[in-house]
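Structure record follows, encoded as structure tokens.
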Amino acid sequence: MLRWLTVTLPPVHFFPNAMTRLSQGIGLACAALLLWLGLGGQPAAWAGLTDDNYDGNIFALYAGNGSLVPPNVSLAQSLKYGKPAIVVIFVDDSSDCKKFASVVSQLQAPYGRVANFIPIMADSIPVKDAYEPNEPGYYFKDAVPQTLVFNAQGELVFNEIGMVPYEAIDDVMREVFDLLPRAESEELRRRPINEVNSELVPEQ
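Residue numbers (my numbering): 4 to 207.
Shown next as structure tokens:
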């Protein structure tokens, strides 16, 4: 007979005691975790609307509109098709871009069917010595957010850096589409706002 088969096992009462101590330890750990969470010990959110931390797709998170990214067409395609376009150069880790995302989303409601919306990550613009007029790098001024508006003829009619008000871009789009000025017409329908950007846009 093999020698290891003759090894004497510990007394039976050893196992119940060990299991009891293990159960008690797990129970205490769970209780401590619940107490810690109950006292506000949960991890803090490291990203938010007013900081420059990365926390994902800013259009989905802060504008409730994940359809904007990625864009359906490139700038070159839009200029080729002869359709007006709104180009927004942005980064996901900028508080200004996060706040401006809701403005872009609201503009899509009245103009989304008649103009191309082209959000472009600044980091995706290749570094080159020279760019063609149908490339975003041709217009990029190394600051975000930057908003460009092209008319149907491919002419650049608006080029601004910073959090441009909705009304400023709307005025340009009204000229592009030969609409009445805002003072002479009703407010165009805006995209419904969520609990985040409701603080950014005054109620009408």
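We put the beta carbon where it would ideally sit given N, CA and C, even for glycine.
In this structure, the straight-line span from the alpha carbon of F161 to that of A155 is close to 13 Å. The alpha carbon of P129 has as its nearest neighbour, out of P139, G59, S108, the alpha carbon of P139.
Non-local beta-carbon contacts of V107 in its own chain, meaning distances under 6 Å to residues more than five positions away in sequence, involve V91 in chain order. The continuous stretches of alpha helix (DSSP H) do not include Q149, which lies in the beta strand (DSSP E) extending over residues 149-153. C33 counts as exposed, since fewer than 16 other C-beta atoms from the protein chains shown sit within 10 angstroms of its C-beta. Cα atoms of C100 and Y84: separation of roughly 28 Å, rounded to the nearest angstrom.
With a beta-carbon spacing of about 19 Å, D96 and N68 fall beyond the 8 Å limit used to define contacts. Straight across, the Cα-Cα distance linking L110 with N137 is about 23 Å. The Cβ-Cβ distance between V72 and N60 falls below 7 Å. By the C-beta density criterion, L31 is exposed, having fewer than 16 other C-beta atoms within 10 angstroms. If you look at V107, you'll find it in the alpha helix (DSSP H) that goes 98-114. Annotation: the continuous beta strand (DSSP E) that includes E163 extends over 159-164.
The continuous beta strand (DSSP E) containing F93 extends over residues 88-93. Straight across, the Cα-Cα distance linking F153 with A171 is about 15 Å.
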